[in-house]
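Here's the structure, in structure tokens; my notes come after.
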Amino acid sequence: MLNKILGNLLLLSVVSLIVGCTQTSPTPSATTPTPTPTSTGTKTLVIGDVTNQPAKKITRYQPLADYLAARLSQFEIGMGEVKVAPDVGTMAEFLKSGQVDLYFDSPYPAMIATNKSGSQAILRRWKGGDPTYHTVIFALKDRGIERSEDLQGKMMAFDDVTSTSGFVLPFVYLKETGLKLKEKDSTTDEVGSDEVGYVFSKDDQNNIQWVISGKVDAAAVDYRSYLEIPEESRNAMVILGETEEVARHVVLVRSGLPLEQVEAIKQIMLDMDKTPEGKAVLEQFEETAKFDTFPTQKDIARMQELYEQVQNR
């Protein structure tokens, strides 16, 4: 009898153990995401940006650095890093010395970096969802300025000397219409009747406010900033000109990076918008929609032409 009881207890224990194992085993799910590839490589892929807010930029750029690095194990890369510079000149030095592998910026600073470092434009970035952008040159209707030619003898504001939309595009646009532009130290400086004086406000919002307050006669901002001006204020303005469209952002790769690695990076970036994980990283990367194969050689030639016109001002 005792043997029978012990036998039943043993059988119950075995059954309980089997049931317990069955209940704790995970059930495969069709929605389980594909894990990010891991790498045991010892090399680091470094992406760079120019900013005076390094903490914010690193937060936005690090997911992309990690995403790329995880897919470049064949080149012994195992880590992604973000490196920031205070200005374009410093970034060019980082690219030239190999401290930065990839750099993202609008065409003019990208061309500065290219000329100083030997880096190469490989892709276009749809930053903020935009493949291209342009500049709007504007004034208040009550200033008696109706077209760009009326700017002679007037003072206008640009953003920053390294800004594509805030300086280079409108400067070249006005220069190619035959106007003579001359930089001034202050908005109160005298402007000759045969020239257009200009100053740098250092910010698009300053440009807008300086026009409204009468500090300058006209200004230039990118088209998105112009459309964000309150409708009441915008209705009091006149558009004097709109520049050509250029790439919103360009992807540069440093010289000396193996061609096979460059091609691998390009393909990874071109494919990012095709997967949920890639899209999520792009969204974190300042709402980038995707990367594409722009610029063409024609685009690069125009970028170089814009660069040279500004250098010769």
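Numbered by mature numbering (1 follows the signal peptide of the UniProt record, and there is no 0), the letters in the sequence shown go through residues -24 to -1, 1 to 289 in order.
Note that beta-carbon positions come from the ideal geometry of N, C-alpha and C, so glycine has one too.
Computed from a predicted structure; not experimentally measured.
Under the DSSP assignment, ALA61 falls in the beta strand (DSSP E) whose first and last residues are 53 to 61.
In the displayed model, ALA265 falls within coil according to three-state DSSP, outside both helix and strand. Counting of Cβ neighbours within 10 angstroms places PRO85 among the buried residues, the total reaching 16 or more. The alpha-carbon of VAL112 is positioned some 24 angstroms away from that of VAL26.
Per DSSP, ASP135 lies in no beta strand (DSSP E) segment and is marked neither H nor E. The stretch 66 to 80 makes no contact with the stretch 177 to 185; the number of CB pairs closer than 8 angstroms stays below 3. When DSSP states are grouped into helix, strand and coil, PHE176 belongs to the strand group.
One thing to note: VAL214 has its Cβ no nearer than 8 angstroms to the Cβ of PHE147.
Between GLN128 and ASP161, the alpha-carbon positions lie close to 18 angstroms from each other.
Just so you know, the alpha carbons of SER141 and ASN28 end up roughly 19 angstroms apart.
By the neighbour-count criterion, in which a residue is buried when 16 or more other Cβ atoms sit within 10 angstroms of its Cβ, ASP118 is exposed. Excluding sequence positions up to five before and after ILE98, its CB lies within less than 6 angstroms of the CB of VAL227, VAL229 and LYS242, all in the same chain and listed in chain order.
DSSP places GLY24 in the strand class (E or B) of the three-state scheme. Contact annotation: SER177 and ALA212 have beta-carbon atoms that are not nearer than 8 angstroms.
With fewer than 16 other beta carbons inside 10 angstroms of its own, LYS158 counts as exposed.
Following the DSSP letters along the chain, one finds THR111 inside the beta strand (DSSP E) bounded by residues 111 to 116. Sequence-distant partners of THR153 (beyond 5 residues in either direction) whose C-beta falls short of 6 angstroms from its own C-beta, in its chain, are SER124. Proximity to TYR174 across VAL22, LEU145, MET131 and VAL197 peaks at MET131, based on C-alpha coordinates.
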